[in-house]
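Colleague:
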Amino acid sequence: MQIVATVQAVLTTYDNVVSVTAPEDDPNTGNNVDTVAVERPTAAFTIEKRLVSINGDETATSFDAEGDQLTYVLLVTNTGRLSLQNIAVADTLTGFTSTIGLLAPGAAQQFTTTYTVTQDDVDRGWVRNTFTASGEDPFDSPVIPVDSLSTVEVPGIQKPSFTLMKELVSINGDTTATTFDTVGDILSYRITVTNTGNVTLRNLSVTDSLTGMNETIAVFEPGAVQEFTTNYTIAQSDLDQGSVTNSAKATANDPNGDSLDPENPDDGEVTTPGVQSSSMTLTKATTSTGP
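Quick note: the sequence shown uses this note's numbering, first residue 1, plus one each step.
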């Protein structure tokens, strides 16, 4: 015997009760009624996100520059026994959105989206990207993904570095002069700092103890160049010594707050020779011719 029953779709479990009545007395009436619980097929799906390339290189796993292109694949798979509908997929980092109108059991839908690395990402040292999805079963009940692998974190390679260069640019305004010879001569210097790394540096301090210069660059982005000028006036002790050695110093903080020195600190030192001339005069005069 086959019995077909129509049930309410809103239920998740259905109890089907069957009873049997005989025309004569039944010595065992305890087995005349049976109940079968029938569960409605479940609706379920998973989402997965994967990094597939960086700047088109499928073997790359990390970025190191502003402008790098991270390409992701988003995969939605119906793992349940019911068709799904109106699955809304969104990736807030890349701005990607899409809707899957209908996804049959066992079916999968794949999307591709790309993100462009910013300087903030390089300074942070990673990019974390999450996409979301939600849908409905055939009965318009909401369905959210299970076993989600929707978040991918891509590491960044940080290379903090900067250079410090000091040079004599003129003596008493003469850009061709290379030596001094008089007390009061003015030596003019140019100090140049360059961010040669790929991360933003902060609180870059530049000092020159000889001239008294003290400057701070609050934010120093990759590729940035900053020049300073400072002067020193020759003293008698400099002439006596025969040269002036002037050293500029600099330190900065990388994005992790660690202290950073210039690549070659010796580039911040300049020695300017002095021209020494020793001479004296002797004057003899007659003060009296006698009696």
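Glycine is no exception: its CB is placed at the ideal position from the N, C-alpha and C atoms.
Using the Cβ count rule (16 or more neighbours within 10 Å means buried), how would you classify L11?
Modeller: Note that L11 has pLDDT 44, beneath the 50 cutoff, so the model's placement of it is unreliable and the number below is only indicative. Answer is exposed; the Cβ neighbour count stays below 16.
Colleague: Pick from K166, G242, A248 and G135: whose alpha carbon is nearest that of G273?
Modeller: Gly is not the amino acid found at residue 273; the sequence shown has Pro there. Answer by Cα proximity: G242.
Colleague: As a quick exercise: from N172, P265 and S259, pick the residue whose alpha carbon is nearest that of T230.
Modeller: When each option's Cα is compared against that of T230, the closest is N172.
Colleague: According to DSSP, is Q276 helix, strand or coil?
Modeller: The answer is coil: DSSP assigns Q276 none of H, G, I, E or B.
Colleague: When burial is assigned at 16 or more other CB atoms within 10 Å of the CB, is D57 buried or exposed?
Modeller: Result: exposed.
Colleague: Identify every residue that forms a DSSP beta bridge with K166.
Modeller: I191.
Colleague: Could you give the distance in angstroms between the alpha-carbon of E48 and the alpha-carbon of P145?
Modeller: Near 10 Å, if we compare the C-alpha coordinates of P145 and E48.
Colleague: For T352, collect the residues of the same chain with a Cβ closer than 8 Å to its Cβ; drop the 5 residues on either side in sequence, then sort them by chain order.
Modeller: The structure shown has nothing for residue 352, since the chain only spans 1 to 291.
Colleague: List the whole-angstrom C-beta distance separating E153 from R128, where the pair is believed to meet the contact cut-off of C-beta under 8 Å.
Modeller: Contact holds; Cβ gap of about 5 Å.
Colleague: Can you give the beta carbon distance from V219 to T200, rounded, assuming they're within the 8 Å contact cut?
Modeller: Yes, V219 and T200 are in contact; Cβ-Cβ is about 6 Å, under 8 Å.
Colleague: Quick check on this structure: which residue in T94, A90 and K159 has the alpha carbon closest to the alpha carbon of V329?
Modeller: Because the chain here runs from 1 to 291, residue 329 falls outside it and cannot be looked at.
Colleague: From A9 to L51, what does the alpha carbon distance come to, in whole angstroms?
Modeller: A caution first: A9 carries a pLDDT of 44, below 50, which makes its placement in the model too unreliable to give a value.
Colleague: Could you give the distance in angstroms between the alpha-carbon of V7 and the alpha-carbon of A90?
Modeller: With a pLDDT of 47 at V7, under the threshold of 50, the modelled position of this residue cannot be trusted, and the question is left open.
Colleague: How big is the Cα-Cα spacing for T113 and L260?
Modeller: Whole-angstrom Cα-Cα distance: 37 Å.
Colleague: Give a yes or no on whether the C-beta atoms belonging to G156 and S62 are separated by under 8 Å.
Modeller: Result yes, Cβ atoms of G156 and S62 sit closer than 8 Å.
Colleague: Can you give, in chain order, each stretch of the beta strand (DSSP E) that sits fully within the segment 64-137 and has at least 3 residues?
Modeller: 69-78, 84-91, 96-103, 108-116 and 126-136, all fully within the segment 64-137.
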